[in-house]
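Undergrad: Here this note's numbering is used: the first residue of the sequence shown is 89, the next is one more, and so on.
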Amino acid sequence: ASVQVIESLFNNNEASVRGSAISTTGSYTLTLQDSSFVDNEARLGGPIFLSENGNYVDRGGNTASGNVARLGPNCDGVYYSTGIIRCERFGGGSPPATASTPMPTSIAPSPAPTPFEPFGCQPVDTIHPCNDSITSWDALRIAIASARPGATLNMCGSLTKSSSDNVIFILHKQIRLNCKQGPCLISGAGAHFDVRGTSVVTFQDFTFTGATQQSLHFESGTNHAICNCRFVRNKNSNAVERGAAIIAEEETSVTVENSEFEGNEASGGAAIFVNGGVVTVSDSTFTQN
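As structure tokens, then:
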């Protein structure tokens with residue numbers, strides 16, 4: 089059996105036991121190329137944990153930094169469970185762990201995570217600068233994936249999602265996406281953002297237009313906020329699907345404040361389709377949806 093990882097980013101992932109980014113059991117061969125592992129955390133093994141029968145192939149271009157193994161030692165690379173700790177690092181990593189360190193015989197339960205305080209709608213951000221590197225759809229995807237918990241990403245301009253661009257998945261992220269210097273127009277066909285896992289996300293001061301599925305899809309997570317945003321002429325082109333601007337699935341909660349919905353089209357719930365979630369709307373207008 090084999091696992092191949094090419095041109096990928098693993099950032100801020102956490103495992104309660106071992107291998108915060110990748111963990112294998114049995115006779116697996118792991119091949120890595122041009123991939124990065126940043127600020128991942130586990131009890132054992134840092135970002136990658138291979139079983140004692142595992143093999144590792146490094147095709148180059150891989151980097152690692154800031155990864156943590158709470159039971160130590162830290163391994164910014166590949167950790168082998170062969171009865172003693174063996175760390176094979178790749179570029180950007182810290183020095184290898186001491187080969188004579190014995191494997192822990194037991195693992196204490198992980199401490200409960202610190203609750204995250206939701207952002208909600210806030211005044212214009214005057215602290216964080218514009219993120220000038222966000223100049224394309226892929227650049228935005230990378231910025232979100234690499235953002236630390238509680239980060240604010242300030243955009244200062246518009247982005248267009250091309251026909252070849254995929255929806256941006258926001259997974260297990262606590263993040264505020266803010267338009268500091270507008271207009272910030274998010275446009276393009278397909279779906280724009282899909283929020284999943286334990287994410288807590290705020291969108292503030294954006295205009296979303298041109299989606300042909302739904303602009304914002306909240307699959308899971310709570311305390312999401314949409315502040316001072318406009319949803320204009322989004323059209324779910326699937327005749328049987330509902331929701332063109334916002335979809336809130338079961339076990340989600342979304343607050344919408346001071347926002348506008350105009351000219352959105354779908355078979356039902358053109359502006360907001362609530363599929364078991366909890367949505368609170370205040371000071372907003374809905375026109376010709």
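In this text, a Cβ means the ideal position worked out from N, Cα and C, and glycines have one as well. What you are looking at is a predicted structure, and each value in this text was computed from that prediction instead of being measured.
(1) According to DSSP, is Ser234 helix, strand or coil?
(2) Which residues does DSSP list as the beta-bridge partners of Glu307?
(3) Mind listing, in chain order, the continuous beta strand (DSSP E) runs of no fewer than 3 residues lying wholly within the stretch 268 to 322?
(4) Check Ser194 in the structure and name its three-state DSSP category.
(5) When the Cα of Asn219 is compared with those of Ser234, Met243, Ile232, Asp213, which residue comes out closest?
(6) Between the alpha carbons of Ala239 and Thr340, how many angstroms are there, rounded?
(7) Between which residues of its own chain and Cys209 is the CB-CB distance below 8 Å, once the five residues before and five after are set aside?
(8) Does Arg229 come out as helix, strand or coil in the three-state DSSP assignment?
(9) On the premise that Gly331 lies in contact with Phe374, defined as a C-beta separation below 8 Å, what is that separation, rounded to the nearest angstrom?
(10) Please look up how many angstroms separate the CB atoms of Thr300 and Leu273, rounded, as I've assumed it's under 8 Å.
(11) Any idea which residues DSSP pairs Asp146 with across the strands?
(12) Which value, in whole angstroms, describes the spacing of the CA atoms of Pro190 and Pro135?
(13) Please report the residue range of the beta strand (DSSP E) in which Glu339 lies.
(14) Expressed to the nearest angstrom, what Euclidean distance is found between the alpha-carbon atoms of Ile222 and Ala231?
(15) Kindly give me the distance between the Cβ atoms of Arg264 and Phe207, rounded to whole angstroms, as I take these residues to be in contact under 8 Å.
(16) Quick one: what does DSSP say Ala354 is sitting in, helix, strand or coil?
(17) Using only alpha-carbon positions, find the residue among Val156, Lys268, Ser252 that is nearest to Thr214.
(18) Considering only the alpha carbon of each residue, which of Gly149, Tyr144, Phe319 lies closest to Leu118?
(19) Among Asp164, Ser90, Leu138, Thr113, which residue has its Cα nearest to the Cα of Phe98?
(20) Closest by CA to Phe257, which one among Thr297, Gly357, Leu304, Asn266?
(21) Do Ala332 and the ligand GTP come close, with the Cβ less than 8 Å from some heavy atom?
(22) Quick one: grab the DSSP three-state call for Val369.
(23) Using three-state DSSP, classify Thr248 as helix, strand or coil.
(24) Checking the sheet assignment: what are the DSSP bridge partners for Cys175?
(25) Let me make sure I understand the geometry here. Which of Ala233, Gly270, Ser224, Thr310 has the alpha-carbon closest to that of Val212?
(26) If the criterion is Cβ atoms closer than 9 Å, does the pair Lys261 and Ala235 meet it?
(27) Between the C-alpha atoms of Gln121 and Thr151, what's the straight-line distance to the nearest angstrom?
TA: A quick look at the data gives this:
(1) helix
(2) DSSP lists no partner for Glu307.
(3) 273 to 276, 281 to 284, 288 to 292, 295 to 297, 304 to 306, 309 to 315, 318 to 320
(4) Residue confidence for Ser194 is low, a pLDDT of 48 falling below 50, so the modelled location carries little weight and cannot support an answer.
(5) Met243
(6) 21 Å
(7) Thr290, Gln292, Ala313, Cys315, Asn316, Thr343, Glu345, Asn346
(8) helix
(9) About 14 Å; that fails the 8 Å criterion.
(10) Their Cβ separation, rounded to whole angstroms, is 16 Å, which puts Thr300 and Leu273 out of contact at 8 Å.
(11) Leu120
(12) Residue placement at Pro190 is poorly supported in this model, since its pLDDT is 48, which falls under 50; the coordinates are not used for a value here.
(13) Here Glu339 belongs to no beta strand (DSSP E), and DSSP marks it neither H nor E.
(14) 7 Å
(15) 5 Å
(16) coil
(17) Lys268
(18) Tyr144
(19) Asp164
(20) Leu304
(21) The ligand content of the structure shown is nil, which means the ligand GTP is not present either.
(22) strand
(23) strand
(24) Tyr167
(25) Gly270
(26) yes
(27) 10 Å
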